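One structure below.
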Amino acid sequence: MSWETVIGLEVHVQLATKTKIFSAASTAFGATPNSQACAIDLAMPGTLPVLNKQAVNYAIMFGLAIDADICQESVFERKNYFYPDLPKGYQTTQLEKPIVGRGSVTIQLADGSEKAIGIHHAHLEEDAGKSTHEGNLPHGMSGVDLNRAGTPLIEIVSEPDMRSAEEAIAFAKKLHSIVTSINICDGEMSQGSMRFDVNVSVRPIGSSVLGTRTETKNLNSFKFMEEAIEREVERQIDLIEDGGIVAQETRLYNGDTKVAKSMRSKEEANDYRYFPCPDLLPVLISDATIEELRQALPELPDARQKRFVSQYALSDYDANIIANDSNMSAFFEVVAEGSNNAKLAANWVMGELSGALNNADLNFSGSPVSPQQLAGMVARIEDNSISGKMAKLVFEAMWKGEGTADEIIQAKGLKQVSDSGALEKIVAEVLDANLAMVEDFINSDESKRKKKLGGFMGQIMKASKGQANPQQVNQILLQKLNELL
Amino acid sequence: MHNYTIAELIKGLQNNEFSSVELTQHFLDRISQINDDYNAIITVTGEQALNSATLADQRLSLGDAPAMCGIPILHKDIFCTDGVRTSCGSKMLDNFIPPYNATVVENFARDGAVMLGKTNMDEFAMGSSNETSFYGPVKNPWATDSVPGGSSGGSAAAIAARLAPGATATDTGGSIRQPAALCGISGLKPTYGRVSRWGMIAFASSLDQAGPMARTAEDCAILLNCMASFDEKDSTSVDKNVPDYTASLGNSVKGLKIGIPKEYFSEGLHPGTEMAVRKALADLEAQGAELVEISLPNSELSVPAYYVIAPAEASANLSRFDGVKYGYRCENPKDLHDMYCRSRAEGFGEEVQRRILIGTYCLSAGYYDAYYGKAQQVRQLIQQDFSEAFKSVDLIMGPTCPSPAFKFGAKGDDPVAMYLEDIYTIATNLAGLPGMSVPCGIVEDKPVGLQIIGNYFDEARMLNVAHQFQQITNWHQQTPEAIS
Amino acid sequence: MTIERKEIEKLATLSRLAIDEKTIADVTGRLSSVLALVDQLQSANTDSLQEISRPFHTSQRLRDDEVSETDQREAFQAIAPETHNGLFTVPKMIE
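Residue numbers (this note's numbering), protein chains in the order written: chain A, 41 to 525; chain B, 653 to 1136; chain C, 461 to 555.
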C-alpha cells in the first residue's frame, strides 16, 4: 500500500509589540516572574481590555505579506476553559471574523521546484501565562508565571496542503522569514516567539478522503517539527497496516527524549462555548490604514530573493538561502556593499560565518564579527591583499576580537606577496633546490605534468610562509618551467 | 442633618452651617445605631471617612471646591475600593482587598466626597431582593418583613433609612430602579457607556451600568455629574460630553410627549401600583405634558432574552474566580480540578451557581444558535420597538415594578417568579437606554415607583421631568415609620 | 424543555462547580423551569436580523503601544491565596 501524508500547520507568532494586546504592561522577555503582569493580565475583578493599535497593525501587515484579504470589521470572541495559566478562565481570540482572511505563501523545495501553500486565515489572540511543574516548588504544587499572559499573538492556520515533512519545514521557515522580514516578530524560537502545532494524517495514494488527523502541539524548533512529523507518519501507517484505527487526539513531542505521547484527558473534548466578547467592540479598519501599511511594508523574502539575483548576480540557490533569513540578508548586504564582491560575501556569510555562529549557538545579531568587519576582510581578498586561505586565519582572529581585518593582517604580517619580483625570486629558488623534481617534470607526459605542479606549489607556499599569491605563483611557475622545456 | 438632601448639604457646607467632619460623624453614628436593623452596610470605613472629611473641610475653606466635596456617600460593594474589602456580596471575595479604585470611586474621591462604607447587595448582583448576599439579607426600612429589592438593596435601604444622603449602585436588569421603587427613593441607570465600568465587578458586561441613588432627582443629577465620565480604560465607555445634569432641572414639562406602553399595564400589575402610577402621569399631564399610548410589542420577549444573555455573559465573567490569584480557595484541595470545583462551589451561593449553569448551557455547542444567538437577535427587536416609539414621544413612563415590596421568601422556590419582578426594567438594559425610578405613591404602607425611560444620552431631560414631578408631589419626602 | 441530570453534570464540569446529589435534583428542577421561560424566544421571528452584542454601533478604540504599567507584584501577591518565590502556586493537575 502506498501512502500519502497530509499535513496542516497552526502557527502561533508572538508579535513584537512593546505592550500586551489588551493591557499596557511590558512584553519584554526574561523578566522576573509576575513582574510584568498588571491587574488586567491577572484578571482582577472589574478590569477591562483595551486593544493595542500596534498589534492590529502587525496583523494587517502579515495579511498584506501573504496577499490576504483584511477583514475590515473583525470581532473578538471568548474561548472558555479553565487552566491556571489562563487567568480570566477564557482566552480572548477570534473565530467568526478573523482579521486576516485567505492568503498564500510560496515555498522553495530542495529540487528547485516551488509550491504554493494556502493559508486559511490568521487571527489575533492573547497568549497564556506559563506553568511550571518541576523545580523549587512546594510538594505537589505547580507554579504559575503570568508575565506572558496577554502577549499578542497571531495564529496562522494553513490549509492541509503539505505532503511531506520537507514541505512542512519549508512552509514553517518561510513564515519565519516573512514575519522577521516585516519586523512583526523577533523570530527567537528558543524564546517561544514562534510555536507550531502540526496536524498529520495519512491516506492511500489516490484517495480524496482525508484520514483522521492527530495534532502535535507546541513544537518550537524546525528540527523537532521534522522529527515529530516523521515519527507520527510512521506511527499512523504502522497502526493502520496492523489493522488499527488512528484516533483523533492531541499529542506532545519531547525533542530531547525523542518521545511522543498522547495527551489523553479525563473528560470529553472541551466545549469552548465561543461568544463575542462584550467588553470589546468590532475593530473597524479603514482603507486608508491598509494602504498606509501596504506602502510601508518592508521587503518580503521572495522579492528580496529576486533582487539578490538581479542586483548581486547571486545564484538562485544562494539567493534563496540568504533572502529567506532576514538577519542573514541584512548582514550579507552590508558585507556585499562594503567589499564590492557579492559572490565572495555570500560564500563567507553562508559558509564560515554561519558555521561559526552555529557552533557557538549564536545568531547574526550576536555575531562577534560585525558585518563591517567581514566586509573589510572580504575586500582584502577581493583586492588580492590576502589569499582565501589566509582569510580563514584573519576570520578566526576577528572572531576572537583581535580587531579589524587590516589590523590583523598588519599585526600578523599576512599580507599576500604579490610582488612579481619577489615571487620570481622564490620560484627560482625552489626550482634550483629541487632539480630532481624539475627533471621529472620535464621528462613526464603532458597529461601527468599538471599533477606534478602541486609539488612545486607546496614548496613555494612553504618557502613563502603561505603568503605567496597562488594565482600569480602558478603563472610564474608555469612560465619558468616552460622556459626549461 | 440626615434629612437634608445632598443639594441642601452642599449649601450647608458652603455656608459653614456644619463641617464635613460633623456631618460624617453624624452619619457614622446613625450607621452604628441603626444599620443592624436593616443590614444595609457590609463594611463601614469610619476612620478613612473622618480623614477624608478633614481634608474636605480644608478644601472647602479654600473655596471653589467641587460640588461633592465633603459629602458623605456609600458605595455598593461591587465597586473596587483601594485598600478596602470589596466583597460583591459573596464569600468568594470576602477576603478580597483590591489595590486599585473603580473609576466611579476615583471620581468621587477626586472631588472630595467622603466614603462611609460599602453597601450590601445580592451576590454578584444576581437578584431582585437582596436575599442572596453572603452577608445576610437586607431588610426594607418600610417593612422589615419585606425585601428592599435588588441587587442594590443595601444602597436603597441605606438611603431610605437615612444612613447616607446618596449612594452608588449598579443596574443590569433593574437593580437600581427596582430597589429604588421598593424603598421609596430615586435612582437612575444611565445610558450604557455613560459611566465607566472600570473597577466595577462585572456581572453581564453588555448590560451592566453604574448609577446614582438618592432621595431626589436633583441629588441624582448632582451624583451623576460626578459619576459620568469618558474612561479610556473601558472600551465600552462612550466619548461624549458630560453636560451639567443640574442645569436643566428647572425646565417646564409643557409640551413634553410621554409614551405609555400598553404592555406595561396588563395583568400581573398590582392594582394599587397601577393607580399610583396613573395618578402620577395625570399630575404630569396637568403640568402640560401630553400622554400618548404606545406599544412595545416585543416586551414579553425581554425577560427570556435577558435570562439567556445575562447568565451567559456572567458565566464567562465569573470564570476568573478560580482560587488561583485572589479570593476564596477551598481547604486541602486534592488536586487542581478539586480546587477549582470546590472553591467555586463553596465560594459561590446557589443563585450564582444556577446562573452560571444556565449561562454555560445557553452557550454550549448545539445550543448557541437557539439560545444565545437567538436572544441577541431578539435584543434587536426590542431596540427597534423603542426607537420606533421615540419617533413620536420624548420619554416613556410606566410602573417600575409589578407590585410593592414582597415578603422574604415569597418568591423562594420559583426562580421564574423572581425573574418576573424585573419585567418592566429589563428591556431598557437590553436596549442600552437610560431609565430611572422616582417614588409616586404608597400602597399597603409600602412605596411604589414611577419609571421614566429616556432616549440615548437623554438623562438631563429625564432628571428634569423627575425633578418637576418632585416639585408638585411629596412622595420622595416620605419617610418609613421606623425612621421618622 | 426539561434538562437531564447528565446534562447538569456536564455543565457543572465545564464550569468547574462541584455539585452533589442533594442539589442535583433541586438544580435540575429550577433550571428546567428557567429554560421553559427561555424557550419563549423560539416564537420570535428574527429572520434577517443580525446578532448584535451592543445597543449602538461603535468601533473599538485602539491604544498606543507604550508601556505604562509598573511592577506591582508585591501588592497583587499580598492578596493571593498561595505564592512561592513570586509564582502563584496551585495543586498539580493529576493527568
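Ideal Cβ positions, reconstructed from N, Cα and C, are used throughout, including at glycine. Keep in mind that this is a model prediction, so the values were computed, not measured.
Can you tell me whether DSSP reads Thr488(C) as helix, strand or coil?
Of the three classes helix, strand and coil, the one that applies to Thr488(C) here is helix, per DSSP.
Is it the case that the region 385-401 of chain A contacts the region 413-422 of chain A, given that we only count it when at least three CB pairs across the two stretches are under 8 Å?
Counting Cβ pairs under 8 Å, three or more are found: they touch.
Please go through the same chain and pick out, in chain order, the residues whose beta-carbon is closer than 7 Å to the beta-carbon of Ala941(B), but skip the five residues on each side of it.
Hits under 7 Å: Val905, Leu908 and Ile910.
For Ile683(B), does the three-state DSSP call read helix, strand or coil?
Three-state DSSP puts Ile683(B) in a helix.
By DSSP, does Pro751(B) sit in helix, in strand, or in coil?
Residue state, collapsed to three classes: coil.
The beta strand (DSSP E) that contains Cys878(B), what's its start and end?
No beta strand (DSSP E) contains Cys878(B), which is instead part of the alpha helix (DSSP H) from Ala869 to Met879.
When you compare the CB positions of Gly825(B) and Asp1037(B), do they come within less than 8 Å of one another, or not?
No, the Cβ-Cβ distance between Gly825(B) and Asp1037(B) is not below 8 Å.
Does DSSP put Pro923(B) in a helix, in a strand, or in coil?
Three-state DSSP puts Pro923(B) in a helix.
Going residue by residue through the region 733-789 of chain B, where are the continuous alpha helix (DSSP H) segments of at least 4 residues, counting only ones entirely within it?
Whole alpha helix (DSSP H) segments, 4+ residues: 755-762.
What in chain A is Cβ-close to Gly851(B), meaning under 7 Å?
Simply Gly86.
Give every residue of the same chain whose Cβ lies closer than 6 Å to the Cβ of Thr888(B), excluding the five residues on either side of it in the sequence, and list them in chain order.
The residues are Gly845.
Using the beta-carbon of each residue, which ones in chain C are nearer than 9 Å to Gly180(A)?
Chain C residues near Gly180(A): Pro551 and Lys552.
If we call anything under 8 Å between Cβ atoms a contact, is Pro1091(B) one with Met1114(B)?
No.
So, Thr133(A) versus Phe116(A), is the Cβ gap smaller than 8 Å?
Their beta carbons are under 8 Å apart, which means Thr133(A) touches Phe116(A) by this criterion.
Since Ser881(B) and Glu915(B) are thought to touch, with beta carbons under 8 Å apart, how far apart are those beta carbons, to the nearest angstrom?
Actually they do not touch by this definition, with Cβ atoms about 35 Å apart.
Give me the Cα-Cα distance between Met501(A) and Gly428(A), rounded to the nearest whole angstrom.
Cα to Cα, Met501(A) sits roughly 13 Å from Gly428(A).
Taking beta-carbon pairs under 9 Å, can you tell me which members of the region 310-338 of chain A lie near chain B?
Those would be Asp311, Tyr312, Arg313, Tyr314, Phe315, Pro316, Cys317, Pro318, Asp319, Leu320 and Leu321, in chain order.
Listing by chain order, which chain B residues have their CB less than 7 Å from the CB of Tyr130(A)?
Ala968 and Ser971, listed in chain order.
Closest Cβ-Cβ distance between Ser857(B) and chain A: below 8 Å?
Yes, contact with chain A.
CA-CA distance, Ser671(B) and Pro724(B)?
So the two alpha carbons sit approximately 11 Å from each other.
Could you name the residues of the region 378-398 of chain A whose beta carbon sits closer than 8 Å to any beta carbon of chain B, in the order they occur along the chain?
Correct list: empty, as no residue qualifies.
Who are the Cβ neighbours of Asp871(B) in its own chain at under 8 Å, not counting the five residues just before and after it?
So the qualifying residues of the chain are Thr657, Ile658, Ala659, Pro817, Gly818, Ser838 and Pro864.
Identify, in the order they occur along the chain, each residue of the same chain with its Cβ nearer than 8 Å to the Cβ of Asp480(A), setting aside the five sequence neighbours on each side.
Excluding positions up to five away in sequence, the list reads Lys492.
Determine, for Glu526(C), whether the minimum Cβ-Cβ distance to residues of chain A falls below 8 Å.
For Glu526(C), the answer is yes, since a Cβ of chain A falls inside 8 Å of its Cβ.
Is Met41(A) helix, strand or coil by DSSP?
Of the three classes helix, strand and coil, the one that applies to Met41(A) here is coil, per DSSP.
Could you work out which residues of chain B lie near Ser475(C), taking near to mean beta carbons separated by less than 7 Å?
The answer, in chain order, is Ser967, Ile1008, Leu1009 and Thr1012.
Helix, strand or coil for Ile194(A) per DSSP?
In the structure shown, Ile194(A) sits in a strand (DSSP, three-state: E or B).
Any Cβ of chain B within less than 8 Å of the Cβ of Thr506(C)?
Judged by the 8 Å Cβ criterion, Thr506(C) is in contact with chain B.
In terms of residues, what are the limits of the beta strand (DSSP E) holding Ala171(A)?
Ala is not the amino acid found at residue 171(A); the sequence shown has Ser there. Lys170 to Thr172 is the span of the beta strand (DSSP E), which, as asked, contains Ser171(A).
From the beta carbon of Glu307(A), is the nearest beta carbon of chain C less than 8 Å away?
Low local confidence applies: a pLDDT of 41 at Glu307(A) is under 50, so the model's placement there is unreliable, and no value is given.
Against chain B, which members of the region 109-124 of chain A pass a CB distance test of less than 8 Å?
For the region 109-124 of chain A, which is checked against every Cβ of chain B, the residues closer than 8 Å are Arg118, Asn120, Phe122 and Pro124.
What's the call for Arg118(A), buried or exposed, on a 16-neighbour Cβ count within 10 Å?
Buried, because 16 or more other Cβ atoms sit within 10 Å of the Cβ of Arg118(A).
Let's test the definition: count the other Cβ atoms within 10 Å of the Cβ of Asn509(A) and tell me whether it reaches 16, buried, or not, exposed.
Its Cβ being crowded by 16 or more others within 10 Å, Asn509(A) is buried.
Please classify Ile1078(B): does DSSP put it in a helix, a strand, or coil?
It is helical.
Taking only beta-carbon positions, decide if Ala485(C) is within less than 8 Å of chain B.
Ala485(C) does not count as touching chain B.
Can you name the residues that DSSP bridges to Leu49(A)?
The partner list for Leu49(A) (beta bridge, DSSP) reads Val238(A).
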